[in-house]
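All remarks here apply to the structure that follows.
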Amino acid sequence: ELAAAQAGVTSARHRIPQAKALPDPSISAGYTNVGLNRYTFGIADDAVWAFGASQTIPFPGKLIQKGKVAQKDAEALDQQLVALRLATVARVKELYYDLFTAHKTLEILQEKTKLLEQAEKAALSRYASGRGDQRDAVIAQTEKYMLLEKAEAVSQRRVTLEGMLNAVLNREVRSPLGRPGEPSKTPYKKSLDDLLVKASFDSPDTKARMKKVERAEAKVSQAKAEFVPDVTVSAGYSQKGFRLGQEPLMAAGAGPDGSDVTGSPGYRQRWVDMWSASVSMTVPLFFFMKQAEGLKESKADLAESRYDLEAGKLAIASAIRENYAQLQSAERLAELFTSGTLPKTRQDFQLALAGYAGGRGDIASVVARLKTVLDYEAQYWAQVAEKHKAVARLESLAGFTDGLTLPKPPDAANGSGPANGSGPANSSGPVNGSGPANGSGPVHGSAKDTVAARHAKIDAK
Numbered sequence: 001e002l003a004a005a006q007a008g009v010t011s012a013r014h015r016i017p018q019a020k021a022l023p024d025p026s027i028s029a030g031y032t033n034v035g036l037n038r039y040t041f042g043i044a045d046d047a048v049w050a051f052g053a054s055q056t057i058p059f060p061g062k063l064i065q066k067g068k069v070a071q072k073d074a075e076a077l078d079q080q081l082v083a084l085r086l087a088t089v090a091r092v093k094e095l096y097y098d099l100f101t102a103h104k105t106l107e108i109l110q111e112k113t114k115l116l117e118q119a120e121k122a123a124l125s126r127y128a129s130g131r132g133d134q135r136d137a138v139i140a141q142t143e144k145y146m147l148l149e150k151a152e153a154v155s156q157r158r159v160t161l162e163g164m165l166n167a168v169l170n171r172e173v174r175s176p177l178g179r180p181g182e183p184s185k186t187p188y189k190k191s192l193d194d195l196l197v198k199a200s201f202d203s204p205d206t207k208a209r210m211k212k213v214e215r216a217e218a219k220v221s222q223a224k225a226e227f228v229p230d231v232t233v234s235a236g237y238s239q240k241g242f243r244l245g246q247e248p249l250m251a252a253g254a255g256p257d258g259s260d261v262t263g264s265p266g267y268r269q270r271w272v273d274m275w276s277a278s279v280s281m282t283v284p285l286f287f288f289m290k291q292a293e294g295l296k297e298s299k300a301d302l303a304e305s306r307y308d309l310e311a312g313k314l315a316i317a318s319a320i321r322e323n324y325a326q327l328q329s330a331e332r333l334a335e336l337f338t339s340g341t342l343p344k345t346r347q348d349f350q351l352a353l354a355g356y357a358g359g360r361g362d363i364a365s366v367v368a369r370l371k372t373v374l375d376y377e378a379q380y381w382a383q384v385a386e387k388h389k390a391v392a393r394l395e396s397l398a399g400f401t402d403g404l405t406l407p408k409p410p411d412a413a414n415g416s417g418p419a420n421g422s423g424p425a426n427s428s429g430p431v432n433g434s435g436p437a438n439g440s441g442p443v444h445g446s447a448k449d450t451v452a453a454r455h456a457k458i459d460a461k
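Numbering-wise (full-length UniProt numbering), the sequence shown opens with residue 1 and increments by one.
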């Protein structure tokens with residue numbers, strides 16, 4: 001997709017000099033014969049060979065406006081390409097954090113499965129000593145198998161996410177990916193007002209719409225210039241021969257007056273060179289049907305572009321507000337989980353498990369508390385991931401490119417094509433084991449890579 005967009009930008013840039021160029025000149029050649037029976041050049045006085053050339057010159061300003069329209073087209077496509085690159089980076093980050101969530105959920109499920117095995121052993125011990133019911137052991141085993149089933153589903157989602165991430169990076173979908181590093185837990189520093197101001201100046205989507213407005217303005221100027229006629233300049237050369245009278249046959253050579261004289265049977269002949277020049281211009285006679293309607297069309301296009309610009313600004317501002325609210329909500333929920341909910345539920349589970357092992361309580365309360373711990377831990381890491389996904393979307397909407405190496409697809413005209421191993425997101429793509437967007441490969445590597453350090457630097461910036 002990036003390669004296709006880059007090829008479109010390159011194509012648009014090649015249209016600029018075409019729009020500024022003069023129309024092609026024309027040349028002509030013609031012959032006028034006298035009579036139908038024979039070739040009469042040099043025999044009949046009115047037989048003429050003629051050659052000419054002409055050039056149409058548009059009224060000054062027309063070509064300038066056409067070139068400006070083509071230039072604004074290319075600039076708009078260039079900004080759309082930047083927006084697509086940022087959206088691709090944001091998509092990579094979102095998939096990265098989803099993949100991290102899948103890995104973390106598997107870890108939690110494995111840990112809780114071990115805790116259920118402890119509860120199962122306690123139930124079997126109580127049953128063996130006659131202090132418990134066999135149903136407790138069955139309940140613990142059933143819950144353990146349910147966790148294993150859930151872990152299998154999460155593993156399937158992890159494989160799917162790895163394939164999606166490889167696809168976005170233009171890689172083989174089965175390419176192995178390492179475990180993503182743990183994201184930073186530092187609060188997001190930028191305010192909503194900062195993001196809105198940043199988006200109003202640097203959003204590539206807004207810039208692209210502004211370029212379309214400028215293109216429409218140039219189109220209006222071009223339509224106004226169409227009321228003025230174009231000029232065509234022509235020049236020609238022709239030659240004809242005259243028979244000057246019957247004389248004795250003589251050889252070809254120079255006549256007594258210096259003119260060319262050609263020998264002919266009994267006739268003296270003279271060749272005459274002639275030239276011509278003319279200027280013509282178009283007459284916009286039907287301007288009320290053509291030029292006037294074209295001007296109205298251009299003005300309507302300009303109004304449409306301006307309305308589209310305002311609508312785009314409102315849509316971006318709305319999206320930024322929505323994602324910022326999601327970010328703040330995720331931060332508050334994550335803080336709530338870490339400050340109170342998770343420690344208390346873990347303590348409650350440990351007390352219930354210890355009491356059950358000591359002969360107090362029942363297995364149902366232990367399992368219920370374990371489920372609560374499992375749900376809260378999964379929700380906590382999901383909120384951490386949602387926070388960073390919201391940050392990725394915000395930075396894409398606002399046009400943040402600091403610290404990002406945006407891959408530039410190859411030029412479609414250089415023979416490398418859009419998918420030849422050097423495409424828009426290859427082995428130098430924006431994701432590796434140390435974070436979602438650093439330009440040095442996929443998520444190969446271990447969890448000990450420097451994700452937290454990188455995010456801390458970005459937040460500090």
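Cβ coordinates follow ideal geometry from the N, Cα and C atoms, glycine included.
Quantities reported herein were computed from a predicted structural model and do not represent experimental measurements.
As assigned by DSSP and simplified to three states, the class of residue 273: Here residue 273 sits in strand by DSSP.
Nearest neighbour of residue 310, chosen from 205, 51, 379, 130 [CA to CA]: Closest by C-alpha distance to residue 310, out of 205, 51, 379, 130, is 205.
Exposure of residue 201, with buried meaning 16 or more beta-carbon neighbours within 10 Å: Taking all protein chains shown into account, residue 201 has fewer than 16 neighbouring C-beta atoms within 10 Å of its C-beta and is therefore exposed.
Inter-residue Cα distance where the pair is residue 119 and residue 113: Each residue's alpha carbon lies about 10 Å from the other.
Sequence-distant residues of the same chain with beta carbon closer than 6 Å to residue 175, five excluded per side: In its chain, beyond the 5 residues on either side, 166 have a beta carbon closer than 6 Å to the beta carbon of residue 175.
Same chain, Cβ closer than 7 Å to residue 16, neighbours up to 5 away in sequence not counted: Closer than 7 Å at the Cβ level, and outside the excluded window around residue 16, lie 67, 70, 71, 74.
Local conformation of residue 231 per DSSP, three classes: Strand, per DSSP.
Residue 288 versus residue 295: straight-line alpha-carbon distance, rounded: Taking the straight line joining both Cα atoms gives about 10 Å.
Sheet register partners of residue 485 (DSSP bridge): Since the displayed the chain opens at 1 and closes at 461, residue 485 lies outside it and no answer follows.
Nearest-angstrom Cα separation, counted from residue 37 out to residue 517: Residue 517 is absent from the structure shown; the chain starts at 1 and stops at 461.
Residue 13 versus residue 77 - alpha carbon distance: Cα to Cα, residue 13 sits roughly 10 Å from residue 77.
Environment of residue 360 [buried if 16+ CB atoms lie within 10 Å]: Label assigned to residue 360: exposed.
Helix, strand or coil at residue 30 [DSSP, three-state]: Three-state result, residue 30: strand.
Beta-bridge pairing of residue 472 - partner residues as DSSP gives them: No answer is possible for residue 472: the residues shown for the chain start at 1 and end at 461.
Inter-stretch contact (C-beta, 8 Å, three-pair minimum) for the segment 376 to 387 and the segment 155 to 162: Output reads no: the segment 155 to 162 does not touch the segment 376 to 387.
Beta carbon of residue 216 nearer than 8 Å to that of residue 305: Yes, the Cβ-Cβ distance between residue 216 and residue 305 is below 8 Å.
Buried or exposed (CB count within 10 angstroms, at least 16 for buried), residue 101: The residue is buried, with at least 16 neighbouring Cβ atoms inside 10 Å.
Distance CB(residue 81)-CB(residue 1) smaller than 8 Å: Using a Cβ distance threshold of 8 Å, residue 81 and residue 1 do not count as a contacting pair.
Cutoff 6 Å; reference residue 136; Cβ partners in own chain excluding five residues on either side: These residues qualify, in order along the chain: 123, 363.
Close Cβ partners of residue 334 (< 8 Å) along its chain, the five nearest in sequence each way excluded: Sequence-distant Cβ neighbours of residue 334 in its own chain, meaning closer than 8 Å and more than five residues away, are 185, 380, 383, 384, 387.
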